[in-house]
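Asker: Numbering (this note's numbering), first residue to last: 1 to 116. Built from N, CA and C at the ideal position, the CB exists for glycine as well. If you scroll down you'll find the structure; I have some questions about it.
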Amino acid sequence: LEYITFFFLMLFAWIFQMAALITAFVALLVPRLRYKFMHQFCGTQTLITLFLIVELVLYGIEYDRNLGTLNYIPGISVSLAYSYWLCLVAAIFSVVTFMIAGAATKRARHHGCDYY
Numbered sequence: 001l002e003y004i005t006f007f008f009l010m011l012f013a014w015i016f017q018m019a020a021l022i023t024a025f026v027a028l029l030v031p032r033l034r035y036k037f038m039h040q041f042c043g044t045q046t047l048i049t050l051f052l053i054v055e056l057v058l059y060g061i062e063y064d065r066n067l068g069t070l071n072y073i074p075g076i077s078v079s080l081a082y083s084y085w086l087c088l089v090a091a092i093f094s095v096v097t098f099m100i101a102g103a104a105t106k107r108a109r110h111h112g113c114d115y116y
């Protein structure tokens with residue numbers, strides 16, 4: 001059941017990332033919609049960041065639970081899979097993107113966005 005949850009969290013993060021990408025392009029290309037779409041982009045990016053952080057926490061909990069049974073078997077080396085590290089990098093990039101989007105929204109509000 002938890003692997004299905006992991007899959008759907010990543011799937012929804014990917015779908016919302018595509019929507020965020022579209023809103024970012026619209027915000028860049030259409031000046032009169034820039035302010036509105038930057039807010040929508042920030043909201044979508046917040047949702048993506050939450051999905052990725054929840055994915056990391058749940059994956060870590062599942063890893064810790066599975067590791068408890070393997071600790072006492074000599075000769076077995078257990079480490080985190082590459083998918084965990086990819087998700088961690090995606091979460092870091094998502095947080096950075098969220099911060100940049102917030103700065104861009106603030107700049108759009110204060111500089112040159114007359115189309116509220």
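Could you tell me if L67 is buried or exposed, where buried requires 16 or more neighbouring beta carbons within 10 angstroms of its beta carbon?
Answerer: Flag for L67 reads exposed.
Asker: Can you round the beta-carbon distance between L86 and F6 to whole angstroms, since I take them to be within the 8 Å contact cut?
Answerer: That pair is no contact at about 12 Å.
Asker: Just verifying my parser: in three-state terms, what is the DSSP assignment at V26?
Answerer: Three-state DSSP puts V26 in a helix.
Asker: Find out if the Cβ-Cβ distance for the pair H39, T97 is shorter than 8 Å.
Answerer: Contact flag unset, no.
Asker: Is it true that the CB of L80 sits closer than 8 Å to the CB of F51?
Answerer: Not in contact: F51 and L80 (Cβ atoms no closer than 8 Å).
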